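S.K.: Numbering (this note's numbering), first residue to last: 113 to 514. Have a look at the structure that comes next, please.
Now the structure itself:
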């Protein structure tokens with residue numbers, strides 16, 4: 113064989129190998145091979161995005177490998193549809209810009225959208241570095257709550273698994289799940305100081321078939337919040353606190369909100385939070401439906417109000433309370449809930465006088481007030497709960513009209 117033939121053969125092999133990589137036929141796509149430095153200083157956004165695009169174009173299942181190290185990244189959009197399922201193996205630490213003015217997008221840091229068969233797993237950390245942004249939060253003063261970026265946004269995903277990762281110090285919500293179907297979030301950690309405003313751990317809206325399990329969430333707002341259009345949602349084995357507890361709502365703020373139904377919260381521990389489990393709707397709300405919601409086997413430790421239905425939810429004090437909420441709440445169960453309350457009102461069911469709550473059940477409740485101003489009580493308005501088993505404090509110790 114001549115040297116020219118050997119040269120041509122080598123060239124063909126090199127060309128063919130490059131074609132395999134370029135066309136996305138290789139199984140693994142390591143971001144460091146695409147130029148990511150992972151040194152805590154360089155901007156690694158483009159390298160990670162290049163690896164993602166090649167993996168997304170692969171005709172067989174592929175993996176994007178983000179190995180150990182500190183990756184400083186700007187706003188990134190992991191966009192599909194992809195040719196086959198993609199697995200992001202996350203072992204490093206992704207760090208957001210400290211100053212939100214340096215981010216390309218004002219409302220999201222990292223987005224995953226229009227993907228079928230996405231898996232994100234590993235021991236990696238998404239660090240929102242939110243300490244400076246918390247001071248710029250204007251929700252309480254102006255009601256404007258969309259000026260800070262969500263750390264992780266999951267939009268229009270099908271058949272998704274998120275496992276093992278950590279989200280820390282988000283500037284706003286840690287995770288926002290919207291318009292997703294069949295998603296499992298398990299064994300994750302979410303943490304931010306209790307003083308960090310509006311840092312909901314996981315917010316779900318317009319989605320169905322979402323399961324959150326074996327999570328530890330410490331944050332400055334709701335550990336899990338479930339918004340309109342959410343159906344068939346399971347929250348189980350979640351340890352929550354500090355924060356505001358696990359919430360359905362708030363509901364009724366916007367036009368054409370879709371019904372909430374099929375919500376199960378079970379086998380959770382809630383500690384050192386402002387609230388425990390609650391359903392919250394705005395007064396003078398748009399019409400809505402929230403039904404078939406069940407809270408089972410939950411331990412409360414030093415919780416402000418462990419059980420709450422609040423149809424006068426108004427966090428910023430600018431509401432028309434004279435007009436009742438138009439969200440109809442029905443088929444709600446609170447069962448096997450035990451622990452301690454830091455306020456006397458351990459159970460508070462404040463329903464709408466225009467749409468009184470229907471079919472609310474209290475079963476096997478044992479909540480003890482740990483303060484010095486007497487014993488625990490239960491307040492009710494526009495609801496007549498059904499009682500079974502031992503319920504302490506007794507249901508509707510104090511009934512009042514609003």
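The beta-carbon is built from N, C-alpha and C at its ideal position, and this holds for glycine as well. This one's a predicted model, so the numbers in the text were calculated from it and none came from an experiment.
One question on the structure: do residue 159 and residue 176 come within less than 8 Å of each other, judged by their Cβ atoms?
M.R.: No, these two residues do not count as a Cβ contact at 8 Å.
S.K.: Might you give, ordered along the chain, the residues of its own chain that have their beta carbon closer than 6 Å to the beta carbon of residue 466, omitting 5 neighbours on each side?
M.R.: Excluding positions up to five away in sequence, the list reads 436.
S.K.: Could you say which of 301, 284, 152, 498 lies nearest to residue 475 if we only look at CA atoms?
M.R.: The option with the nearest alpha carbon to residue 475 is 498.
S.K.: With a cut-off of 8 Å on the beta carbons, I'd call residue 374 and residue 398 a contact; round off their distance for me.
M.R.: Not really, about 21 Å apart at Cβ, beyond 8 Å.
S.K.: Might you give, ordered along the chain, the residues of its own chain that have their beta carbon closer than 6 Å to the beta carbon of residue 223, omitting 5 neighbours on each side?
M.R.: The residues are 189, 265.
S.K.: With residue 367 as the anchor, note down where its beta strand (DSSP E) starts and where it stops.
M.R.: First-last for residue 367: undefined, no H or E at that position.
S.K.: Taking only runs that begin and end inside the stretch 167-245, name each unbroken alpha helix (DSSP H) of 4 or more residues, in chain order.
M.R.: Entirely contained in the stretch 167-245, not one alpha helix (DSSP H) run reaches 4 residues.
S.K.: My understanding is that residue 477 touches residue 446, with C-beta atoms under 8 Å, so please give their C-beta distance in whole angstroms.
M.R.: Indeed they touch by this definition, with Cβ atoms about 7 Å apart.
S.K.: For residue 469, which residues from the same chain have a beta carbon less than 6 Å from its beta carbon, with the 5 sequence-adjacent residues on both sides left out?
M.R.: So the list reads 441, 463, 495, once near-sequence residues are dropped.
S.K.: For residue 308 and residue 352, I'd like the C-alpha separation in whole angstroms.
M.R.: Spanning the two alpha carbons is a distance of roughly 15 Å.
S.K.: Let me know the secondary structure DSSP gives residue 275 once reduced to three states.
M.R.: Reduced to three states, the DSSP call for residue 275 is strand.
S.K.: Helix, strand or coil: which one does DSSP assign to residue 506?
M.R.: Residue state, collapsed to three classes: coil.
S.K.: Is it buried or exposed for residue 180, if we count other Cβ within 10 angstroms and need 16 for buried?
M.R.: Result: exposed.
S.K.: Can you tell me which of the three DSSP states residue 480 falls into?
M.R.: If DSSP states are grouped into helix, strand and coil, residue 480 belongs with the strands.
S.K.: What residue range does the beta strand (DSSP E) around residue 100 cover?
M.R.: Absent from the model: residue 100. The displayed extent of the chain is 113 to 514, so no value can be given.
S.K.: Hey, residue 313 and residue 334: beta-carbon distance below 8 Å or not?
M.R.: Yes, Cβ-Cβ distance for residue 313 and residue 334 is below 8 Å.
S.K.: Do residue 346 and residue 526 have their beta-carbon atoms positioned less than 8 Å apart in this structure?
M.R.: Outside the modelled stretch of the chain, which goes from 113 to 514, sits residue 526, for which no answer is possible.
S.K.: Taking a contact to mean a Cβ-Cβ separation below 8 Å, would you say residue 184 touches residue 236 in this structure?
M.R.: It is not a contact, given that the beta carbons lie outside the stated cut-off.
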